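Comments concern the structure below.
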Amino acid sequence: LDAVCHSLGNPHAVVFVDDAERVDIERIGPLVETASLFPDRVNLSVVSRRDDGSFRMRVWER
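Read left to right, the sequence shown gives residues 5 to 66 (our numbering).
What follows is the structure, encoded as structure tokens:
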């Protein structure tokens with residue numbers, strides 16, 4: 005899993021994918037949230053670019 009990590013006041017792992025709607029965020033979110041890489045847990049943001057140039061982002065909140 006390739007991710008960019010940043011903080012918006014709380015930690016986020018951001019993953020860019022082809023289609024954010026196709027990601028099973030309810031299954032993957034808890035796995036990323038509790039991964040040993042993130043001892044204080046992390047939110048997961050899944051992002052894809054739409055045809056019109058805008059972005060679709062879905063977030064799993066810790």
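The beta carbon of each residue, even a glycine, is placed where N, CA and C say it ideally should be.
This structure is a prediction, so every number in the text was calculated from the model and none was measured.
Residue i, enclosing alpha helix (DSSP H) - first and last residue
i	result
residue 31	29-37
Residue i and residue j closer than 9 Å at C-beta
i	j	result
residue 17	residue 49	yes
residue 47	residue 30	no
residue 52	residue 24	yes
residue 36	residue 27	no
residue 60	residue 54	yes
Unbroken beta strand (DSSP E) run spanning residue i, endpoints
i	result
residue 49	47-53
residue 17	15-20
residue 59	59-64
Cross-strand partners of residue i (DSSP beta bridge)
i	result
residue 11	15
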